[in-house]
Each structure stands twice: as structure tokens, then as C-alpha cells.
Amino acid sequence: MKQITRLLCASFALAAATSSFAQDKYPSRTVRVIVPFAVGGATDVLTRVAAGELSKRLGQSFVVENVTGAGGLIGAQQAIKSKPDGYTLLAGSPGPITIMPVISRTPVNYDVEKDVVPITLIADSPGAMVVGKGSRYKTVQEVLAAGKAGGRLTCGSSGVGAFSHINCELFKSLTGIDVVHVPYRGAAPALVDLVGGQFDFIIENYPSPAKLIESGEVRALAVTSARRFGLRPETPTLVEAGVAGHVMSAWIGLMAPAGTPADIIQLIQREAAEAMRDPAVSKRMNDMGVMPGGNTPADFAAYLNNERQTYRALSAKTGLKVD
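Counting from 1, one number per residue, gives the positions in the sequence shown under the numbering used here.
As C-alpha cells, then:
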């Protein structure tokens, strides 16, 4: 009788363990991926590519949810404050993760160095310094010469605190040239006015002016990557063109709330990285003007830390703060 009881207990224990393992297998239900910007933007479109690939590879739906407002801060906060179980992820980008936490006058409601776990880059691209086709500037050196000679230079942006605004401020800081910032409500209207000659140049995330560059409506003078951009190898970097230290990229990456199990982080990173290496996925990314990601959580964390240091130094030197 005791032998039978022991066998029954062992069977129940095995069944319970098997059931627990089945329940714990990740993902066992739909995963939300919060995009803190509107439908149709670069962050949204690229995140949907990654989410679709993860859905195929992991056998559960990775559903994009757009939570907009406050320059990405509202959606980022919602994702970061979610239960750390792997079922809510964030599509992070510079604004809410590396820019606003550093330059906002109003503290954000999360600590990006303690409350967020980087998983992997989805994609990144440099800024492109572009001028209108009718501009007299053919090189960065000509822009620098005009500025140093006391000429009035104007730099457009897609809005206060945006990637293009920060690039404008960094350019001013590194060159010592007085450049007037001209903010717009988005990249599209800024580029329309650039083509029309309303200001001198913009340093905008490459995908935004890419089609205008190809059509000849604007000219790319330089890119802000550390090395020449793979999609435009003929265009020099700003560093090569004489602006030492001007390195900045626009990126989109997957993140999770702090406390998310390490095995889940590793699984998502591995599958996402494999997806980004797929030739068909890489081509889709390249066609959108970006390079596919796939780096490790540690490398991604170092990448973000380097960006924050750049923005802190810029803010300290120039007093740059935004509401």
C-alpha cells in the first residue's frame, strides 16, 4: 500500500511539474509591444516588422499597441511600469529613452537606467545633414566657412527636443558657429520649407529625407554616424567633414520593464537577432532607409549609456533644456 501511495505521489508530482512547465513556457499568450508614437511613423512601421517576425518565430501574437502623447513619454511610462513578465514590451527610441530624461525640465516618471531592460536594437540610422537643391552650399566645409565668416545660418528641425533639434544644438556646440534654430511640427513640413529655401540646412533622421535625396530635391552633405553609412557610402561623415565629435544615430529597440526574467530577455533577443539577419528582413529594413539591428542586451545598454553621456555633456555645455 505504501509503495502504491509513493507511486501515486510521484505521478502527481510529475504531472504537476509538467503542467507548470507548460504554463511557464514563454510566450503562452499574446505579447503587447507598446509603440509610444502614432501609427505610420518610422517607430511604428519598423516595430511592426519586428513584431511580425517574432510572432512567426515564437508561435504567439506580438501585437503593436500605439500609446501616444508627450513626445513618447506616456507610452514609454505605461510599458515601463507594466508587470515584468515579458508580456508587455516597449519599442524604445531616443526621445523618451535617451533625450528627454536628460534635457527635460520636468523629470520623467521613470528611471531609464534602473526601470528599463534593453533587449536589442531593431534598427538604426544616422542623421543626414541636407540642404535644398538650390542651396549655395555644396559641402560641410562651405557651411562652416560661411558660419565662421559671420554669415547668418539657420537650421531647421522637426520640433523642439526632436532628434533634428538635438543635432542642430550639437553642431552649434562643436563648431562654435551661431546657428538659428527653426522648429517645425514634424519632419515633413520642415523638409518642404528646406526645398523652398526657407532655411539653410537640417540634420534629420536619414529615412525622412531619403526619397528627396534620391530625387535630387535635397543634397546630403554628410551623415552623423561614426563610420560611413552602409546605404550611402559615398557621403562623408560629419567627423570626416571637420566636425569632430558629431556622432549621433536614431534608433528603435525592444525593451522590457526591469525585473523581466533573464531567460525571456535572452529568448526575445535571440529570435529578433536571427530575424534581423534574414536577407528578406534586412532588405525590407534597407528599403526603409535603416540598418537592421540584433545586438546583445549588454551591447545595447552600452550604446544607450553612450548616448545619454553625449546628451548630458551637451546640456551641461549649452544649458539646453526643454519643457
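Don't be surprised by glycine CBs; every beta carbon is placed ideally from N, CA and C.
Inset, instruction - Look at the alpha carbon of Pro329 and the alpha carbon of Ile264, and state the distance between them as a whole number of angstroms. - result: The question about residue 329 has no answer here: the residues shown for the chain are numbered 1 through 323.
Legend entry - Distance, Gly127 Cα to Asn167 Cα: Straight-line Cα distance between these residues: approximately 8 angstroms.
Legend entry - Counted within 10 angstroms of its Cβ, other Cβ atoms place Gln77 as buried (16 or more) or exposed: For Gln77, the number of other beta carbons within 10 angstroms of its own is at least 16, and it is reported as buried.
Legend entry - Residue range of the unbroken beta strand (DSSP E) whose run includes Glu65: Phe62 to Asn66
Legend entry - Three-state secondary structure (DSSP) of Arg312: helix
Inset, instruction - Determine the direct distance from the alpha carbon of Arg32 to that of Val63, and round the result to whole angstroms. - result: 5 angstroms
Inset, instruction - Report the partner residues of Val201 according to the DSSP bridge assignment. - result: In the sequence on display, residue 201 carries Phe and not Val. According to DSSP, Phe201 bridges with Cys155.
Legend entry - Beta-bridge pairing of Val243 - partner residues as DSSP gives them: For Val243, which the question treats as bridged, DSSP gives no partner whatsoever.
Legend entry - C-alpha distance - Ser315 paired with Val102, whole-angstrom precision: 8 angstroms
Legend entry - Other residues of its chain near Ile268: CB distance less than 6 angstroms, five sequence neighbours each side excluded: Ile119
Inset, instruction - Take Glu307 and list the residues in its own chain whose beta-carbon comes closer than 6 angstroms to its own, dropping the five residues that flank it on each side. - result: Excluding sequence neighbours, Glu307 sits near Thr98.
Legend entry - Minimum length 3: unbroken beta strand (DSSP E) runs contained in the stretch 143-188: DSSP runs (the beta strand (DSSP E)) wholly in the stretch 143-188: 153-157 and 179-183.
Legend entry - Straight-line gap, Lys250 to Ala79 (C-alpha atoms, nearest Å): Lys is not the amino acid found at residue 250; the sequence shown has Ala there. Roughly 20 angstroms between the two C-alpha positions.
Legend entry - Reduced DSSP category for Ser104 - H, G, I as helix; E, B as strand; rest coil: strand
Inset, instruction - Thinking Gly161 and Met100 are a contact (beta carbons under 8 angstroms), I'd like their distance in whole angstroms, please. - result: 6 angstroms
Inset, instruction - Pick out the complete alpha helix (DSSP H) segments inside the stretch 85-138, 4 residues or longer, and give them in chain order. - result: 100-103
Inset, instruction - Take Val179 as the anchor and find which of Gly150, Met255, Glu204 and Pro279 has the nearest alpha-carbon. - result: Gly150
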